[in-house]
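Worksheet: one structure, shown below.
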Amino acid sequence: MNADLVQKAQHGDQKAFGLLARACGDRLFGIANRIIRDLDRSEDAVQQALVTAWRELPRLRDPERFDAWIDRVLVHACYVEARRLRQWNSNIRILHIDGPLAPDDTGAVADRDELERGFRRLPPDQRAILVLRHYLGLQPAEIAVTLGIPDGTARSRLHYAHRALRAALDAAERPIAVGEEPRR
Amino acid sequence: MTTQLEIERALDGLLGPGTDELPDRVLDAAMAAIATTPQRRSFVPTRRFSLMSTGWKLVAATLAALVVVVAGVALVGRPSGPNVGGASPSPSTPAASGAASASASVGPSASASRSPSQLASIAPSSSAAPGSAFAPGPVAAGTWHTPIFRPTVVLTMPDGWTRTREDRELFGLRLGKADLAFTHTAPSLALDVVHRTNQADPDDPTPVTLGAYTGFQTALTVPGRATMYFDEGSRAYDTSVGDSLKTWVVDVDGRPLSIYLSGPTADVQAALPAAEAILATLGMP
């Protein structure tokens, strides 16, 4: 990241910020899309993150840490979008309560679908930490810096995210007995 | 039993690098919003200031004090109550002449309370839109349209409301201490700020129809003090403890029109039935 560009943008240079945004746009979109799992909402999250980043940029103390800082701004934007998506989804479920039933979950499902489903069931903060780990390849200490949380919290969230996902996959592997409700 | 290694590999496959390309339109939209979004001041004093000579520091401090005094005087001179669109410019006077139509657009109860300068800023009616053009000050019962705000909004108003602000991006009405503001903002931005500041979530959105337009509505009571940004950061509304915010967002040809009723909870509750009745008449010719 070009610290000169960051400093120019901090002093109101919109062209410099445009170059920064273009340079990190694809990465931000990749992060958002992996956390939110919805293209439109991911675009919204990136757009809002860029606007927020522009507004707050003068408060960034170390221009060298722009990348980690804007990743954090984006993750917070993703939390908001994920929450909004959940609210809309719950609303849609209410509206379609008399509609067709959901497909039969007891049939064979590809591993990737199970993984996708299990991942979507995770709360946004756990999804975010998995994305930073497996998409950006960050170590727990780097994740902690990016998210602005203590190292121990990052490690524990990562642990619980993996455990929750494993539990979801193991539950999906179990044959479902007649009359038994699928576990959530 | 799924092993940790299997989970790690599966996640690498699910979340690993792929072809992610941010569409140009997203970047363009963000840059367009940024063009009108002021940056916040840094918390940290700039190094430049520490390198100033004492004389220049004195000049800078004097100028800063002057700005504070001017801002204070301006603030004291403004009416009390929630400040929707505090940073907005005052409505500009349209170029078209229209003294006759301007006077026709002012309700009987309004003209008596207006200053000459306010009367001078009244916009002429638009021949394309039904009703009279909203003008600064009290609004008489009847059908009115926005002469400056776009898209042109047509509303059937009862007595008692005041038109507080209008430009192309913001149109404001007030009843008591409750503000009814029309903007084009993504409401998620305002709600995001409230959430981050107060850890407060709005109610789940529910579908709504305003006139011929569909969208959703939601509400929020602010548990703490916050600043919400209605125009991607350029217009701020400082909330107080216990303020309420009722939001409607409708789709107008693919673009959101956001409407906020905000202010002290009691005032918002009192104004809500009237606001809903007004919004039920929403039209955009």
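If you read the protein sequences in the order shown, they are chains A and B. Under my numbering, read the first sequence as residues 1 to 184, first letter to last. Under my numbering, read the second sequence as residues 1001 to 1285, first letter to last. Positions of the beta carbon are idealized from the N, C-alpha and C atoms, including for glycine.
Residue from the options with nearest C-alpha to residue i
i	options	result
A/Q48	B/A1141, B/Q1039, B/A1029 and B/R1040	B/A1029
B/E1169	B/F1149, B/T1037 and B/A1266	B/F1149
A/R117	A/D170, A/A3 and A/T52	A/D170
A/T146	A/R37, A/L74 and A/V6	A/L74
A/R34	A/H159, A/A128 and A/H162	A/A128
A/L60	A/A32, A/A9 and A/A45	A/A9
A/F119	B/A1010, B/L1245, B/P1264 and B/A1280	B/A1010
B/R1255	B/A1181, B/T1214, B/H1145 and B/Q1269	B/T1214
B/I1278	B/E1008, B/P1264, B/A1181 and B/V1026	B/A1181
A/L122	A/Y79, A/P150, A/I143 and A/E142	A/Y79
B/H1184	B/V1249, B/T1143, B/K1177 and B/D1204	B/V1249
A/E114	A/A167, A/E142 and A/L130	A/A167
B/T1221	B/P1264, B/I1259 and B/E1008	B/P1264
A/A16	B/D1020, B/A1133, B/M1031 and B/D1024	B/M1031
B/D1167	B/A1135, B/T1143 and B/K1177	B/A1135
B/Q1269	B/S1132, B/T1019, B/D1204 and B/K1177	B/K1177
Beta-carbon separation (whole angstroms), residue i vs residue j, contact threshold 8 Å
i	j	result
B/A991	A/Q14	Past the edges of chain B, shown from 1001 to 1285, lies residue 991 of chain B, and the structure says nothing about it.
B/L1022	A/L28	7 Å
B/A1280	B/G1211	7 Å
A/E81	A/I36	5 Å
B/P1151	B/M1284	5 Å
B/T1206	B/F1216	6 Å
B/T1162	A/V51	Rounded, the Cβ-Cβ distance is 31 Å, inconsistent with contact.
B/A1266	B/L1245	At roughly 14 Å, the Cβ-Cβ gap does not stay under 8 Å, so B/A1266 and B/L1245 are not in contact.
A/G148	A/R72	6 Å
A/Q7	A/P63	5 Å
A/E142	B/V1026	The Cβ separation is near 26 Å, so there is no contact.
A/L130	A/F66	Not really, about 23 Å apart at Cβ, beyond 8 Å.
A/H144	A/A154	Here the sequence assigns Ala to residue 144 of chain A, which means His is not the residue at that position. Indeed they touch by this definition, with Cβ atoms about 4 Å apart.
Which residues DSSP lists as bridging residue i, in chain order
i	result
A/H162	Its beta-bridge partners do not exist; DSSP assigns none.
B/V1250	B/G1215 and B/L1257
B/G1142	B/M1157
B/G1137	B/R1163
B/G1172	B/R1165 and B/A1181
B/P1264	B/D1243
B/G1283	B/V1154
B/V1208	B/G1215
B/S1132	B/W1144
B/L1290	Missing from the structure shown is residue 1290 of chain B; chain B here goes from 1001 to 1285 and no further.
Residue i classed as buried or exposed, judged by whether at least 16 other C-beta atoms fall within 10 angstroms
i	result
B/D1243	buried
A/N2	exposed
A/G25	buried
A/H11	exposed
A/Q126	buried
B/Q1004	exposed
A/Q139	exposed
B/L1261	buried
B/D1179	buried
A/A45	buried
A/R157	buried
B/T1247	buried
A/I70	buried
B/D1251	exposed
A/L39	exposed
B/R1165	buried
B/R1047	For B/R1047, the predicted structure reports a pLDDT of 39, less than 50, and the residue's modelled location is therefore unreliable. The matter cannot be settled from this model.
A/G152	exposed
A/R188	Given a span of 1 to 184 for chain A in the structure shown, any question on residue 188 of chain A remains unanswerable.
B/L1282	buried
A/R55	buried
A/G18	buried
A/P124	buried
B/H1145	buried
A/H76	buried
A/H162	buried
The region 1144 to 1158 of chain B touching the region 1268 to 1280 of chain B, judged by at least three CB pairs closer than 8 Å: With a cut-off of 8 Å, the region 1268 to 1280 of chain B and the region 1144 to 1158 of chain B count as touching, because enough Cβ pairs lie within range.
Sufficient close CB pairs (3 or more, under 8 Å) joining the region 1162 to 1179 of chain B to the region 1129 to 1148 of chain B: Yes, they touch.
Cβ contact (3+ pairs, closer than 8 Å) linking the region 1011 to 1018 of chain B and the region 116 to 136 of chain A: With three or more CB-CB distances shorter than 8 Å, the region 1011 to 1018 of chain B counts as touching the region 116 to 136 of chain A.
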